[in-house]
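Engineer: After the C-alpha cells below, expect a handful of questions from me.
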Amino acid sequence: MAEARNFPALWITGAVLGFIGLILGAGGLWLILLGGSWYYLVAGAVLILTAAMLIARRPEALSVYALLILGTLVWSIWESGFDWWRLAPRGDLLVIIGVWLITPFITRSLGAMDINAALDGVKVHPSATRGSGLALSFSLLVALLVAGVALVGDPTRVEGELPQARADVPDDAQGVPAADWHAYGRTDYGQRFSPLAQITADNVGQLEVAWHYETGDERGRPGDPVETTYEVTPLKIGDRLFLCTPHQNVIALDAVSGREIWRFDPKIQGELALQHLTCRGLSYQPPGAANAGATATSAPPADAAAPTTPPAGEAPTAAQAAPAPRDAMADPAQPQVAANGPEGTCDAKLFMPTADGRLIALDPDSGEACSNFGENGQINLWQNMPNVNPGSYYSTSPVVIAGNLVIVGGTVLDNVSVNEASGVIRAFDISTGALVWNWDSGNPDQTAPLPPGEHYVPNSPNSWSISALDPELGLVYVPLGNQPPDQWGGNRSDAVERYSSSVVALDVATGTVRWVFQTVHHDLWDYDVPSQPSLIDLTVNGETVPALVQPTKQGELYVLDRRNGQPVLPVNEVPAPQGAAQGDHTAPTQPVSALSYDPPKLTGADMWGATPFDQLYCRIAFHRMRYEGRYTPPTEQGSLIYPGNFGVFNWGSIAVDPKRQVAFTTPTYLAFRSQLVPRQNPTDLYVQGGNRPQGSLPALNENFGAPFAVKLSAFTSPLGLPCQAPPWGYVAGADLTTGEIVWKHQNGTTRDASPIPLPFAMGVPNLGGPIMTAGNVAFLSGTIDYYVRAYDVTTGKQLWEDRLPAGGQATPMTYMGADGRQYLLVVAGGHGSLGTKAGDSVIAYALPKGATPAQ
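Numbers given in the numbering used here equal positions in the sequence shown, counted from 1, plus 1.
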C-alpha cells in the first residue's frame, strides 16, 4: 500500500519530465536546423526516455538520468570552461530534478527484483546509496564538485598592478584649487581626478554620511519622457556646491552642511518633444574671465545680436506658449526668465542650458539672472535653427567656458525623423551673449555667424556629450554623434560622412576645424562618440606628448596627440562585415585602437539564461539574426549588434590620473537587436503601433521620412535577462603609455535588477562615470544596483561600499570643506530608461570628525 501511495508522485514526475523533454527536443530540432548545438535535442530525447522508464517503474531510469547529468557536465565544460555563471544555469534544473529522483518519494515506487533477494521473495528498491540510485548520486556529486571548483575561480578576472605616480610629472590642475571642482570633469581637461589625498585606501572604509539633502525633484511629472534621469555632477566653488535637477532647477548648497542657499527655477513652458530630460551639470565662469580676454575673439556683425526674449515678469503671448509645428521655420519665442530677485550684473557666472532651448547665466552669489548676458540673462539657442519643434533641440550637457566665450552644443531627437534641427556648435560672447562663430558639421567651412533668415543644415551630426578644452593650444575638443536615422545612411553628404561619430578639434577663436579623427566610418550602429575626451600629458618613449583619450561606445580608447589628432597608441584599420540595406553601403574597414575593450565575438555557446528554456530561446534567437561580429550592419532580417548602442563606454567617460598616467575605466557589455522595417509612407507608425506617446513626446525609432524605421532593443530572454553570458560590467585599470589593460574585475550585483533581490556578484551594467583621487582611491556609483563603491586604483580591489536610496547613475565628485574634511559627493536619483529607482538625494560622505589626517 505504501508503494501505491507513491505512484502519483512517480507518474507526475514522469509526465513533467516528458513535457520538458518535448519542449527541449522540439526547440533543439529548430536550433539544429539553424546551425546550432545538438545538445538540446539529445537532452530532450533522454528526458523523454527517462520519463517513459519512470512511468514503467523501471529503476534503470535513474541510471539513464545519471548519464544525462554527466553528459551535460562534459558538454558545459567543453563550451564554457570552469566559469560558474556559465556552468550553473546549464545544469541547475537538471540537478534539482536529479535530487528529487533519489528521494524515497520516487525510489520506493521503482520496482526491481534483485536475483538473490528474489529467491527469498524480498522486493528491492534503488536508493541514493544503492543500485541505479547510487549511480545518480555519484553523477550529482561530480556535478557539485565541479560547481564548487568553478565557484572559487573567475576566468574573466585579470590581475595586475598599475604603475605608481611619476616624480618627474608636474601637477595638472589648470589653476583650479585642490579643494574645488570647477567643471564637469573637475577641470576643462575632463580628467575626473582630484589631487586630494585625505581619503586613502587605508581609511576609506571609515567613510560615513556627513549630510543628506533632497532636492524635491523626481521623475513622473506629466510630459516626462521615459529617459528622465539624474546625471548631474555638482560643482564646488569656494564654500558652495552648485547642481541642477532633471526639471532644470539650479540649486546652491553649503558645502559643509548641505543647507540650501538659493534655488532658481527657469520656468520651462509648453509641451516639449523631449527624448531625454536631464541636466548633467553647470558651467562656471570665474570672476574677471570675461575681461581677461583669455581667448581672442572677433566682433560679431551687427545683425548677429542675441534674439529678444520676453522681459522678466511679462507673460508670453499665445504664440509664444504654443508649440511650433514640426515644419515651422521661424525661431520660436522663448518663455520668460523668472529671476529670484532684482537683476544685476555678474562678474562670475553659472551657465545653465535648458530643455526649451535657452542658455541662462546666473549669479553664483544670489542665483539671480545676470543682466549683463544676452537679454535678461539668457540667449535663445533656436536662433537660425531649421525644423523648429520645441523640445527637439536642447543641451543636456554643460557648456564650455573658454576665456570670453561660452561654447554650446546640443542634442537633437534621435531616430524620430529626417527633418530635425541642426547639430551646430556655437560660441557666444560671455558678456553680451552675441554670437561670435558657428561650426556646423553639415556646412563646416562657414564659421561666420549666419545672418537673420538663414538656417543651419538640418539633421547635421550633433554633440550631445561634454567637450574638453586646452586653453594653451586654443582648441576645444568636441565629440560628435551621428545623423539620424542612425541605422541607415544612404543619403548622407560628404561633410556628414567626414564628421559623423568623430572627435573634432575646433579653433576656439574662430571655430575652424584644426583636425578631425573619425572613430567609426559610415556609422550604422548609433556609435555616437558619447564621452568627454580626457586630456593628459603622457610620457612615451622618453618624450612628453600632450594627449587626448577618447572612449567610445564600441569599446575603443583612442589615445591621440591633441595637437594634430595623430594616434599616440597605434590605430589599425581592420576589415568590417559588408552588405548594408537597400540604398546604403558599409565601410570596408573600421579603426581599432591598441587600447581596446572590444569583447570577443559571440557564439551560440555564449548564450545564457537562468534555465535551459531561456537558454534555448536565446540560442534560437541568436542564430535567427545576422551576426558576423562587431559592425554587422542592420538588416530587415534583424541583426545582432554587439557591443550595443548602450555602449561599452557612455557619457560617464573614464577617469585619468595625470601623475600615474593611467585610466580607471568601467566597461559595460550588452548586446542589442536591430531590425530595419521598410516604411511605405512618411506618417504611419511602423514600430510603435498604437503606442504613440502621449502629448508632445516623440515616436522614437519611426524615422519619419526615411526608407526604414528600426526595431531596436536589448537582446534579452523572456525573463528579461541579457541573452549573452555575464559578466556584463567591469572595472578595469589601463596604462595609457603602453595600452595595456593591467587589471579587470567584474563589478556589481543583481540585487536591484532581478525579481528576487539576491546580490549575486555577476558584474552588472554601469551608466555614470568614475573619479580618481591622489589618495589611490577611485569611486563609482553608476552600477544598476544601488551602491557607491570605492576601489584601490593600483589593484582594482573593492575597498568599501554603501547602500544608496535610489539609482546612482551620475558621476560622483570630491572636494575639501571649510572644516578641513574631504567629502565624497554622490547624487542618487535614478535613471528612467534603465528602470533604476527614482529619487532626489544628494549625499555627502566624509571620515569621522577627529579621524581626518592632515592634507
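C-beta atoms are modelled at their ideal positions from N, C-alpha and C, and glycine is treated no differently.
Does the Cβ of W489 have 16 or more other Cβ atoms within 10 Å, making it buried, or fewer, making it exposed?
Structural biologist: For the purposes of this step, residue 489 is taken as residue 488 along the sequence shown, with counting starting at 1. So W489 ends up on the buried side.
Engineer: In the structure shown, what three-state DSSP assignment does W85 receive?
Structural biologist: Position 84 of the sequence shown, counted from the first residue, corresponds to residue 85. In this structure, W85 counts as helix in the three-state DSSP scheme.
Engineer: Can you find at least 3 beta carbon pairs, one from the region 661-675 and one from the region 639-646, that sit closer than 8 Å?
Structural biologist: Flag = yes, the region 661-675 and the region 639-646 touch.
Engineer: Figure out for me which residue from N682, G691 and S597 has the closest Cα to the Cα of V649.
Structural biologist: In the sequence shown, counting from the first residue as 1, residue 649 sits at position 648. Cα-wise, what sits closest to V649 is S597.
Engineer: Need the endpoints of the beta strand (DSSP E) that G734 sits in, please.
Structural biologist: Within the sequence shown, numbered from 1, the residue matching residue 734 stands at position 733. Segment Y731 to D736, the beta strand (DSSP E) holding G734.
Engineer: For I785, which of P758, D793, T795 and M773 has the nearest alpha-carbon?
Structural biologist: Here residue 785 refers to the residue found at position 784 of the sequence shown. Of the listed residues, the one whose Cα sits closest to I785 is P758.
Engineer: In terms of DSSP beta bridges, what is R790 paired with?
Structural biologist: If you number the sequence shown from 1, residue 790 lands on position 789. R790 pairs with L781 and E802.
Engineer: Assuming L671 contacts W729 (C-beta within less than 8 Å), just tell me the rounded distance between them.
Structural biologist: Numbered from 1 along the sequence shown, position 670 holds the residue referred to as residue 671. Numbered from 1 along the sequence shown, position 728 holds the residue referred to as residue 729. L671 to W729, Cβ: 6 Å. Contact.
Engineer: Looking only at C-alpha atoms, which of G112, V153 and T14 sits nearest to V100?
Structural biologist: Taking the sequence shown and counting its residues from 1, the one referred to as residue 100 is at position 99. V100 has its Cα closest to that of T14, out of G112, V153 and T14.
Engineer: Report the three-state DSSP secondary structure of A672 (helix, strand or coil).
Structural biologist: On the sequence shown, residue 672 is found 671 positions in, with the first residue counted as 1. A672: coil per DSSP, three-state reduction.
Engineer: Among all the DSSP beta bridges, which residues are the ones paired with E261?
Structural biologist: Taking the first residue of the sequence shown as 1, we reach residue 261 at position 260. Bridge partners of E261: L254.
Engineer: Between which residues of its own chain and L120 is the CB-CB distance below 6 Å, once the five residues before and five after are set aside?
Structural biologist: The residue given as residue 120 occupies position 119 in the sequence shown. Here the model assigns L120 a pLDDT of 48, short of 50, so the residue's position is not dependable and the matter cannot be decided.
Engineer: Quick check: is any heavy atom of the ligand PLP less than 7 Å from the C-beta of S81?
Structural biologist: With respect to small molecules bound, the structure shown includes none, and the ligand PLP cannot be examined in it.
Engineer: Kindly indicate the opening and closing residues of the alpha helix (DSSP H) around C619.
Structural biologist: For the purposes of this step, residue 619 is taken as residue 618 along the sequence shown, with counting starting at 1. It spans P613 to R625 - the alpha helix (DSSP H) in which C619 sits, taken as one unbroken run.
Engineer: Along the chain, where does the alpha helix (DSSP H) that runs through F139 open and close?
Structural biologist: Against the sequence shown, residue 139 aligns to sequence position 138. Per DSSP, F139 belongs to the alpha helix (DSSP H) from S133 to L152.
Engineer: Suppose contacts are defined by Cβ-Cβ distances below 8 Å. Is V425 in contact with P480 by that definition?
Structural biologist: As a working note, residue 425 is residue 424 in the sequence shown. As a working note, residue 480 is residue 479 in the sequence shown. Result no, Cβ atoms of V425 and P480 do not sit closer than 8 Å.
Engineer: Identify which residue in V732, P806 and G840 has its Cα closest to the Cα of T795.
Structural biologist: For the purposes of this step, residue 795 is taken as the residue at position 794 of the sequence shown. Residue V732 is the option with its Cα nearest to T795.
Engineer: Do G776 and T201 have their C-beta atoms within less than 8 Å of each other?
Structural biologist: To locate residue 776, count along the sequence shown from 1; it is residue 775. To locate residue 201, count along the sequence shown from 1; it is residue 200. The answer is yes: Cβ separation under 8 Å.
Engineer: Would you kindly check if the distance between the Cβ of L720 and the Cβ of D615 is under 8 Å?
Structural biologist: Residue mapping note: residue 615 aligns to position 614 of the sequence shown, counting from 1. Residue mapping note: residue 720 aligns to position 719 of the sequence shown, counting from 1. Taking 8 Å as the Cβ cut-off, D615 and L720 qualify as a contacting pair.
Engineer: With DSSP as the reference, label T73 as helix, strand or coil.
Structural biologist: By 1-based counting over the sequence shown, the position of residue 73 is 72. DSSP places T73 in helix when its eight states are reduced to three.
Engineer: In whole angstroms, what is the alpha-carbon distance linking D93 and T73?
Structural biologist: For this step, residue 93 is matched to residue 92 along the sequence shown. For this step, residue 73 is matched to residue 72 along the sequence shown. Taking the straight line from one Cα to the other gives about 11 Å.
Engineer: Quick check on the burial criterion: 16 or more other C-beta atoms within 10 angstroms. Buried or exposed for S501?
Structural biologist: Walking along the sequence shown from the start, residue 501 turns up at place 500. S501 is buried by the Cβ-count criterion.
Engineer: At the level of alpha carbons, what is the spacing between A356 and D753?
Structural biologist: Taking the first residue of the sequence shown as position 1, residue 356 is located at position 355. Taking the first residue of the sequence shown as position 1, residue 753 is located at position 752. Each residue's Cα considered, the two are about 30 Å apart.
Engineer: Using 8 Å as the threshold, is the C-beta distance between T750 and A762 below it?
Structural biologist: Position 749 of the sequence shown, counted from the first residue, corresponds to residue 750. Position 761 of the sequence shown, counted from the first residue, corresponds to residue 762. In this structure, A762 lies closer than 8 Å to T750 by Cβ.
Engineer: Determine the direct distance from the alpha carbon of D364 to that of L474, and round the result to whole angstroms.
Structural biologist: Numbered from 1 along the sequence shown, position 473 holds the residue referred to as residue 474. Numbered from 1 along the sequence shown, position 363 holds the residue referred to as residue 364. Cα to Cα, L474 sits roughly 29 Å from D364.
Engineer: Considering only the alpha carbon of each residue, which of P267, I252 and S535 lies closest to R260?
Structural biologist: Stepping through the sequence shown from its first residue, residue 260 is reached at position 259. Ranking the options by Cα distance to R260, first place goes to I252.
Engineer: Compute the distance between the beta-carbons of A227 and G833, then report whether it is under 8 Å.
Structural biologist: Sequence index remark: in the sequence shown, residue 227 carries index 226 (1-based). Sequence index remark: in the sequence shown, residue 833 carries index 832 (1-based). Per the sequence presented here, residue 227 reads as Val, with Ala not at that position. Yes, the pair counts as a contact, with Cβ atoms nearer than the cut-off.
Engineer: Excluding the 5 residues flanking L48 on each side, which residues of the same chain have their C-beta closer than 6 Å to its C-beta?
Structural biologist: Against the sequence shown, residue 48 aligns to sequence position 47. Around L48: L18, I21 and G22.
Engineer: List the endpoints of the continuous beta strand (DSSP E) containing I863.
Structural biologist: For the chain, the structure presents residues 2 to 856; residue 863 sits outside this window and is missing.
Engineer: Kindly identify the DSSP beta-bridge partner or partners of L351.
Structural biologist: Your numbering for residue 351 matches position 350 in the sequence shown. Note: L351 sits in a beta bridge opposite Y285 and L363.
Engineer: Measure the C-alpha to C-alpha separation of I98 and L141 and round it to an integer number of angstroms.
Structural biologist: Here residue 98 refers to the residue found at position 97 of the sequence shown. Here residue 141 refers to the residue found at position 140 of the sequence shown. Computed Cα separation, rounded: 10 Å.
Engineer: Hey, is the region 393-406 in contact with the region 282-290, meaning 3+ C-beta pairs nearer than 8 Å?
Structural biologist: A contact exists between the region 393-406 and the region 282-290.
Engineer: Can you tell which of G443, S466 and G368 has its C-alpha closest to the C-alpha of S396?
Structural biologist: Against the sequence shown, residue 396 aligns to sequence position 395. For the residues G443, S466 and G368, the minimum Cα distance to S396 belongs to S466.
Engineer: Could you tell me the alpha carbon to alpha carbon distance between G556 and D599, rounded to whole angstroms?
Structural biologist: Walking along the sequence shown from the start, residue 556 turns up at place 555. Walking along the sequence shown from the start, residue 599 turns up at place 598. If I take the Cα positions, the gap works out to 5 Å.
Engineer: At 3 residues or longer, what runs of the beta strand (DSSP E) sit wholly inside the region 18-82?
Structural biologist: Whole beta strand (DSSP E) segments, 3+ residues: zero.
Engineer: Would you mind reading off the limits of the beta strand (DSSP E) that contains F429?
Structural biologist: Walking along the sequence shown from the start, residue 429 turns up at place 428. Unbroken beta strand (DSSP E) run through F429: I426 to D430.
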